[in-house]
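I have placed the structure first, in the form of structure tokens, so that the comments after it can refer back to it.
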Amino acid sequence: MTIEESFYIGYVSKTRGLKGEVQLFFEFEDYDDLELEIIFLEVNKKLVPYFVDQIKLHNNSTAYATFEDVDHIDKAQVLVRKKMYLPNDKMPERDPDDFRYTDLVGYLVIDEEHGELGEIIDVQEMPQQFIATVDMDGKEMMFPLSDDLILGIDQEEEIIEVELPEGLVDLYKE
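Under UniProt numbering, the first residue of the sequence shown is numbered 1, with each subsequent residue one higher.
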């Protein structure tokens, strides 16, 4: 299996104990819907299958797992910081009406005062809110995705209309 035939779900963050247990960190939003019998780790730009022996999911985007044939901390240590993937056919189905801020990546941002600003290249979840990063002529502009600032979202045209606070766009234009 190649990386193109799979989707990224997170990475191995650290070892735990001496018997080969590892902590997994999920960057995939619906990680609790994933089938995790086999996890593919990226090793030297190739995907290597690891068969999950035991896994315990936590509600903070982490899990503790043991893999078959990884029974010692030395075998687990080499897996730390390796990216985790699953085959594309294991991608959980989402309800079409389930729209999330992270779906805004690729949308064109139009500000009421300044017009077209650029395309959203990233959406990050911060403790209090989501932050959108817009590619504004090569400069990265960030703004909060809050209901107060969003005037409308056109899913067909992939456009988000916003009314950003006065002076925010000017800060990035300088």
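All C-beta atoms in this analysis are idealised placements derived from N, C-alpha and C, irrespective of residue type, glycine included.
query: Glu112 burial status per 10 Å Cβ neighbour count (16 or more: buried); result: exposed
query: Residues bridged to Thr62 [DSSP beta-bridge criterion]; result: Phe25
query: Runs of beta strand (DSSP E) lying entirely within the region 85-159, each at least 3 residues, in chain order; result: 108-111, 115-125, 130-136, 139-144 and 150-154
query: Asp122 versus Leu168: straight-line alpha-carbon distance, rounded; result: 18 Å
query: Contact check, Leu117 vs Val134, beta carbons under 8 Å; result: yes
query: Sufficient close CB pairs (3 or more, under 8 Å) joining the region 75-91 to the region 33-49; result: yes
query: Sequence-distant residues of its chain with Cβ nearer than 8 Å to Ser61 (five each side left out); result: Gly10, Phe25, Phe26, Glu27 and Tyr31
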